[in-house]
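Encoded as structure tokens, the structure appears first; notes follow it.
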Amino acid sequence: MSADLSTAFMSGNLFKSLATVSGLTLVSRVMGFARQVLVAGVIGAGGNPVADAFWAAFRLPNMFRRLFAEGAFQAAFVPLFQGRLVSEDKAAAKQFAEEVMAFLLCILLGLTVLVEIFAPLAVHGVASGFADDAEKFDLTTLYLRIMFPYLACMSMVGLLSGVLNSLDKFMAYAAAPLILNFCQIAAIVLTADGTLEVSGEALAWGTAVSGFLQLALLVWGARRQGYWLRLRIPKLTPGVKRLLVLGGPGFLSAGATQINVIIGTNIASQQPGAVSWLMNA
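No gaps in the numbering here: position 219 of the sequence shown is 219 in the numbering used here, and each next residue is one more.
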């Protein structure tokens with residue numbers, strides 16, 4: 001009898017989690033479509049420097065986000081974190097998460113500083129065709145500098161979501177994309193009567209702010225579960241080494257995919273409006 005009750009309880013929790021994640025994902029998709037329509041309607045779907053500059057600048061942090069915050073990282077981190085939680089205890093799992101966070105932050109902060117300083121070189125790397133258009137190149141550089149901190153925030157979101165997913169807490173991470181959609185929609189709506197340049201810059205700031213808000217949501221969610229991660233001195237501990245070994249093949253695979261995206265953006269940047277067409281296709 002007790003086994004039947006336990007099975008029913010677990011099934012109920014699974015259905016509740018599935019319904020929550022599915023519902024939030026559906027809302028996020030609808031908002032994402034509305035955002036895309038609004039952005040295309042206000043800054044254009046191609047043919048002007050602002051639209052091309054924004055989408056080209058968004059490529060770089062989005063590319064690194066896919067490397068550091070999704071896919072391979074999650075696939076490597078979650079089993080190791082759960083292993084510590086099951087075979088040792090909560091303190092050991094928390095220590096492992098803090099070690100990974102310190103190592104990841106060290107890399108991300110260094111990368112962010114480099115991109116902020118050498119943003120023009122980064123633009124050459126992602127959209128070399130803009131070099132012949134000074135206005136478009138300068139706008140892309142500006143937007144990239146505004147939005148690149150989004151990467152560090154989203155990588156921390158990926159880490160904390162791994163912690164929460166290991167604890168069967170899915171709501172915070174499923175709700176996080178709504179914040180990006182809301183911030184970008186708000187930026188577009190509030191500046192719709194302004195110039196294209198004002199709307200483009202507002203959109204970039206909305207993206208950056210959404211990263212910090214998503215991080216705040218995940219920090220709150222993790223803290224509710226007793227996982228207030230503290231900063232440590234970055235070290236290549238055995239746990240971090242194990243994470244790199246397990247995640248290595250996935251990182252290489254994801255990296256190859258993102259290189260293809262960058263090559264595509266570079267080719268598109270040779271034709272006015274093509275970068276925007278690629279994003280709105």
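Cβ coordinates follow ideal geometry from the N, Cα and C atoms, glycine included.
Please read these numbers as outputs of a predicted model, since none were measured by experiment.
#1: Could you check what DSSP says for Q270 in three-state terms: helix, strand or coil?
#2: How far does the alpha helix (DSSP H) with W205 in it extend, from its first residue to its last?
#3: Going by the CB atoms, is the gap between G162 and V78 shorter than 8 Å?
#4: What does a CB cutoff of less than 6 Å around E92 pick up in its chain, not counting 5 residues either side in sequence?
#5: Smallest Cα separation from M31: which of F137, A186, L244?
#6: Would you check if the region 170–178 and the region 231–240 touch, i.e. whether three or more CB-CB distances between them fall below 8 Å?
#7: Could you check the C-alpha separation between S166 and A97 for me, to the nearest Å?
#8: Can you give me the start and stop residues for the alpha helix (DSSP H) that N165 sits inside?
#9: Excluding sequence positions up to five away, which residues of its chain have a Cβ less than 7 Å from the Cβ of L243?
#10: Going along the chain, which residues of its own chain have a beta-carbon closer than 7 Å to the beta-carbon of A122, five neighbours each way excluded?
#11: If we ignore side chains and look at the alpha-carbon of each, how far apart do P249 and A192 end up?
#12: Take D52 as the anchor and find which of V245, A131, A172, M154 has the nearest alpha-carbon.
#13: Measure the C-alpha to C-alpha separation of V245 and V189 and round it to an integer number of angstroms.
#14: Look at the Cβ atom of A72, then the Cβ atom of F251, and state whether they are nearer than 8 Å.
Taking the structure as given:
#1: coil
#2: 196–224
#3: yes
#4: Residue 92 is actually Ala in this sequence, not Glu. Closer than 6 Å at Cβ, skipping near neighbours: R84.
#5: A186
#6: no
#7: 12 Å
#8: 149–166
#9: A76, F77, L80, V100
#10: L60, V115, L144
#11: 44 Å
#12: A131
#13: 45 Å
#14: yes
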